[in-house]
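**Student:** Chains as they are written, first to last, in my numbering: chain A, 1 to 144; chain B, 1 to 144.
Note that CB positions come from ideal geometry on N, CA and C, so glycine has one too.
If you scroll down you'll find the structure; I have some questions about it.
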DNA sequence: GTCCATGCAAACTGTTTGCACGCGC
DNA sequence: GCGCGTGCAAACAGTTTGCATGGAC
């Protein structure tokens, strides 16, 4: 009945572990990698629990999920400064960058079309400085 | 040996059909919907062929794939003017919009970090004008 | 002691693939 | 008629879920 009543959540070893690994890695882990990293540590954890913990932490606003052009999700520690991602199609490295213009754009759109924007996802891909130097196989159909 | 030699591609009924449906729909179909629409027409086609045709057409630059925050892909006819998408989390409608600033942003980033950007994906979600009017269940954790 | 969280395995969704047949060229 | 495209079903990856047990509070 009382929907405002906070549910009793438990801070288990596994949840702490998942959050810890994400924070330490500083990167963009997928669930599988996270699971494997957890295994290399002593802690026993199952893949299902990794997913459940991630869902929990995401819901709590402690981690964020990203879709970096792959068919599976990547997770990173929630940050205060919004930032975006560039993925190199050749070497796979992910570069983070800030771009305040994006928020302006969101506000502009918000006002123009009267939308309430709650999520924003900007993802670029292409070739990083190093990889662009090497000869690309044919013209990498530049669509932009 | 001759990598520049064009492969002989065939324009089969199924491929024509897939392209036709995408063009007519004007929308953002996923493979399943596309498959069902094809079935309602006379044409016999399998889901596997839908995927294969989409891959083919995508490769040919005739259709583009979008990830609209869902766990599955959406496809639309390739357009000359770049545009982006907003998905309403409440009613599910997809709103397209143009935003030249985005390309400027990409160029800016390209120059600043010396990247070669070939793909750009900007996706917003939140609540549309109609849905934002109705009372939302609690504060829709606005992260932006 | 109560209940939520976990582990396991099975289910599930979206997508891809191997192989034999069919059909565009 | 050659060889690519198709259909079918099975395989696949990532993710979710049912149920019995375990552990946080």
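#1: Going along the chain, which residues of its own chain have a beta-carbon closer than 8 Å to the beta-carbon of residue 13 (chain B), five neighbours each way excluded?
#2: Per DSSP, what kind of secondary structure is residue 131 (chain B) in: helix, strand or coil?
#3: Say whether chain A places a C-beta atom closer than 8 Å to the C-beta of residue 117 (chain B).
#4: Spatial neighbours of residue 49 (chain A) within its chain, please: CB distance less than 7 Å, with the 5 preceding and 5 following residues excluded, ordered by chain position.
#5: Enumerate in chain order the residues of its own chain whose CB-to-CB distance from residue 65 (chain A) is below 8 Å, with the five nearest sequence positions on each side excluded.
#6: Of all the residues that make up the segment 92-106 of chain A, which are near chain B by a beta-carbon distance shorter than 9 Å?
#7: Looking at the C-beta of residue 126 (chain A), does it have a partner C-beta in chain B at a distance below 8 Å?
#8: Between which two residues does the alpha helix (DSSP H) carrying residue 21 (chain A) extend?
#9: So with CB distances below 7 Å, who are the chain B contacts of residue 67 (chain A)?
#10: Does DSSP classify residue 30 (chain A) as helix, strand or coil?
#11: In chain A, what lies closer than 7 Å to residue 29 (chain B) by C-beta?
#12: Using 8 Å as the threshold, is the C-beta distance between residue 133 (chain A) and residue 115 (chain B) below it?
#13: Quick one, which of A:22, A:88, A:119, A:37 has its alpha-carbon nearest residue 69 (chain B)'s?
#14: 8 Å is my cut-off, CB to CB: does residue 74 (chain A) come that close to chain B?
**Tutor:** A quick look at the data gives this:
#1: Against the second chain, residue 13 (chain B) aligns to sequence position 13. So the qualifying residues of the chain are 43.
#2: By 1-based counting over the second chain, the position of residue 131 (chain B) is 131. Residue 131 (chain B): helix per DSSP, three-state reduction.
#3: Counted from its first residue, the second chain places residue 117 (chain B) at position 117. Yes - at least one Cβ of chain A is within 8 Å of the one on residue 117 (chain B).
#4: Taking the first chain and counting its residues from 1, the one referred to as residue 49 (chain A) is at position 49. Taken in chain order, the residues that qualify are 14.
#5: Numbered from 1 along the first chain, position 65 holds the residue referred to as residue 65 (chain A). Within the same chain, residue 65 (chain A) has close Cβ partners 54, 58, 73, 74, 75.
#6: 95, 97, 99, 101, 102, 103, 104, 105, 106
#7: Taking the first residue of the first chain as 1, we reach residue 126 (chain A) at position 126. Yes, because at least one Cβ of chain B sits closer than 8 Å to the Cβ of residue 126 (chain A).
#8: Your numbering for residue 21 (chain A) matches position 21 in the first chain. Residue 21 (chain A) -> alpha helix (DSSP H) spans 13-25.
#9: The residue you call residue 67 (chain A) lines up with position 67 of the first chain. Correct list: 67.
#10: Translated into the one-based positions of the first chain, residue 30 (chain A) becomes position 30. If DSSP states are grouped into helix, strand and coil, residue 30 (chain A) belongs with the strands.
#11: The sequence position of residue 29 (chain B) within the second chain is 29, counting from 1. Neighbours of residue 29 (chain B) on chain A: none; closest Cβ ~18 Å, over 7 Å.
#12: Walking along the first chain from the start, residue 133 (chain A) turns up at place 133. Walking along the second chain from the start, residue 115 (chain B) turns up at place 115. Not a contact, by the Cβ cut-off of 8 Å.
#13: Here residue 69 (chain B) refers to the residue found at position 69 of the second chain. The shortest Cα separation from residue 69 (chain B) among A:22, A:88, A:119, A:37 belongs to A:119.
#14: In the first chain, counting from the first residue as 1, residue 74 (chain A) sits at position 74. Taking Cβ atoms only, chain B never reaches closer than 8 Å to residue 74 (chain A), which makes this a no.
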